[in-house]
Amino acid sequence: MVGLVLVSHSAGLAAEAAALARGIAGADVPVAAAGGTEDGGLGTSLDLIERALLAVDQGDGVVVIPDLGSSVLTSRLVEEEGR
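Taking the working numbering, I'd label the letters of the sequence shown as residues 8 to 90.
Right under this line is the structure:
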């Protein structure tokens, strides 16, 4: 099954968007949030995005939905580095 990662500058926003996606898609769809920085601040984190990707990847691919700006760039960087 294809996984879904929601990337945001805000951990709270990413978590709530992931909860909404789970509610709509159902429990069978692997969904993860990657929001904010590792210290709880606003921003994006390569490591958090990588962990979220690994958590939902079941071999059929992962769709990444970023909010805007650097979350798009950071998500692309994770993909380009093969992380």
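We put the beta carbon where it would ideally sit given N, CA and C, even for glycine.
Per DSSP, the beta bridge partners of S15 are G42. Within 10 angstroms of the beta-carbon of G10 lie 16 or more other beta-carbons, which makes it buried.
A buried status is given to I56, since no fewer than 16 other beta-carbon atoms sit within 10 Å of its beta-carbon.
DSSP places V70 inside the beta strand (DSSP E), whose first and last residues are V69 to P73. In the structure shown, G30 adopts helical secondary structure according to DSSP, grouped into three states.
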